[in-house]
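Quick notes on the structure that follows.
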Amino acid sequence: MNTLHLLNKSPFLGNTFDTVLAFIHEHDGILLTGDAVYALQPNTVFLMKMKQLPVTIYALNEDMAARAIDSTLDNIKTVDYSAFVRLCTEYKKVVTWS
């Protein structure tokens, strides 16, 4: 596993989300935390784009629950804080996008 990209800002604010997508490579991962989980709302362009990527997409359970986002989405792996920490150690690099 190469790079884990951490996103914590809403995809509806600014262009960070699109910038991240431009830097994604095969075997990378994306972990959505905080307001970034809004990208998983049904029928958003962000969700459609992510589903087409050759990467693993993770989302923090607690943040999805706090924002009433469905945690049973196809191709999205939900994780708790322990798994969040484990992922950070499994990937070669971790990049936080703000």
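When we follow numbering that gives the first Met the number 0, the leftmost residue of the sequence shown carries the number 0, and every step to the right adds one.
C-beta atoms are modelled at their ideal positions from N, C-alpha and C, and glycine is treated no differently.
Beta-carbon separation of residue i and residue j under 8 Å?
i          : j          : result
residue 27 : residue 4  : yes
residue 46 : residue 39 : yes
residue 12 : residue 48 : no
residue 72 : residue 32 : no
residue 2  : residue 94 : yes
residue 68 : residue 44 : no
Expressed to the nearest angstrom, what Euclidean distance is found between the alpha-carbon atoms of residue i and residue j?
i          : j          : result
residue 89 : residue 57 : 14 Å
residue 65 : residue 22 : 29 Å
residue 97 : residue 15 : 7 Å
residue 7  : residue 92 : 17 Å
residue 54 : residue 74 : 10 Å
Let me know the secondary structure DSSP gives residue i once reduced to three states.
i          : result
residue 48 : helix
residue 54 : coil
residue 72 : coil
residue 39 : helix
Can you tell me where the alpha helix (DSSP H) holding residue i begins and where it ends?
i           : result
residue 19  : 15-22
residue 179 : The chain is shown from 0 up to 97; residue 179 falls before or after that span and cannot be answered.
residue 60  : 60-65
Specify, as a first and last residue, the run of the beta strand (DSSP E) that residue i falls within.
i          : result
residue 26 : Note, residue 26: premise wrong, no beta strand (DSSP E); not H, not E.
residue 92 : 92-96
residue 6  : 2-6
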